[in-house]
Structure formats: structure tokens, C-alpha cells
Amino acid sequence: MSDTRSWVALLRGINVGTAKRVPMAELRAAVESLGGTDVKTLLNSGNVVYDTCAEAGPSADAIRGAVRERTGVDSEVIVVSGDAFRAVAEACPLRAAGRPGNRVSIAFPAAPLDPTSQVPDPAALAPEELALTATAVYQWLPDGQLATKVPAAWWRGLGVTVTARNDATVQKLVALLDARA
0 MSDTRSWVAL LRGINVGTAK RVPMAELRAA VESLGGTDVK TLLNSGNVVY
50 DTCAEAGPSA DAIRGAVRER TGVDSEVIVV SGDAFRAVAE ACPLRAAGRP
100 GNRVSIAFPA APLDPTSQVP DPAALAPEEL ALTATAVYQW LPDGQLATKV
150 PAAWWRGLGV TVTARNDATV QKLVALLDAR A
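In terms of numbering that gives the first Met the number 0, the sequence shown is residues 0 to 180.
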């Protein structure tokens, strides 16, 4: 039995437009410098899958610092174990037949969320849908992320940093994790 453990690191807000540019080769090198092995990036938006031989991989703060040191870009980082990432992906209650994966969003928090927190009024969000759990915020965004009706103040009210990926990207990250098993 191997002691290797897989992880997913999600950088927040990089390579959007011309600001906060982080080459994926530099991101891979930053994670490798912290002991990550078999480091793979997905797309150009700060998605990293890697392994470690330790029970705990590099912390979000360590990755943030290594990226900042290599590139000059300061970006918040969310680190999720491979098993927890798969569980969040599998639990998505808003994935349905006919819904394109690029319109379902999964926001990963830096710390557990309070699933009893007040969510915006579903009638005010329609046709959007939102589901809150301790491990994720799931959204159905039929008109796209830029047209969301969820107020920015609600996100700030969560009291924890989150970063979102569409379900198509999440499923590709799960496939990278599965290829390691």
C-alpha cells in the first residue's frame, strides 16, 4: 500500500484578463519546490493536482508564498485533499441531465461553511439555483457567472475565502485524480 496522497490546489483569480498572470510552468515548479510530485496543471486558471508522501501536503499559505516568490503574484489558494475534492464533486445536487457543465459552478471554501447560513431567496434568484453545504456552494447559472443574481455581499457574509470552478473543470480535475488511483 502506498503512502502517497493526492491533493488539489485552486488559485483564486489568476490569469483573468491581463492581471495576475501566472505561467502554469511556474505554478508547477512552485508546488514541486514544496515537495509536490507528479504535479499537473489543468487549463490556465490555477488548477493543480499533485501528490505528496506526507499525510498533509503543502499548506495553502506555503503554495501562495512559493507562487508569490516565483512570479510576484499574490493569489489566495484553496487546498483540498483528493478524496474530499471527489466527494464535493460527487455530491453536486444541481447537476442534471441537459445542464451544461460550464453553467454549474462549485465554490470550494478555505474552511468549512455553516450549512445553516441564510441563503438568498430562491424566488429572487430564479432561474438560478443555489445550494450551500459545509464543503461547497453549488450554483446553477443558466445565464452564466457574470449574470448571477447572488449578491456579492452574500459571498462576503460567508466569512471565508471561496474560489469557484465550473463543473466541466471540476470533472476534468476528478479525472486527473482518478488517473492516479
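Idealized CB from N, CA, C, for every residue including glycine.
_Proximity to A156 [Cα-Cα], best of P141, A178 and P114_ = Correcting the residue type first, residue 156 is Gly in the shown sequence and not Ala. From the listed residues P141, A178 and P114, the smallest Cα separation to G156 is found for P114.
*If you draw a straight line from the alpha carbon of E128 to that of S116, how long is it in whole angstroms?*
Distance between the alpha carbons of E128 and S116: 16 Å.
*By a C-beta neighbour count over all protein chains shown, 10 Å radius and 16 as the cutoff for buried, is L9 buried or exposed?*
With a 10 Å radius around the Cβ and a threshold of 16 neighbouring Cβ atoms, L9 comes out buried.
*Go ahead and pull the three-state DSSP assignment for N14.*
Correct three-state label for N14: coil.
*What number of angstroms, rounded off, separates the C-alpha of G45 from the C-alpha of V78?*
Cα to Cα, G45 sits roughly 12 Å from V78.
*Given a threshold of 16 other Cβ atoms within 10 Å of its Cβ, counted over all protein chains shown, does P126 qualify as buried or as exposed?*
Exposed is the call here.
*Are V66 and S58 closer than 9 Å when you measure CB to CB?*
9 Å or more divides the Cβ of V66 from the Cβ of S58.
*Would you mind reading off the limits of the beta strand (DSSP E) that contains R2?*
Arg is not the amino acid found at residue 2; the sequence shown has Asp there. According to the DSSP assignment, D2 belongs to no beta strand (DSSP E), since it is labelled neither H nor E.
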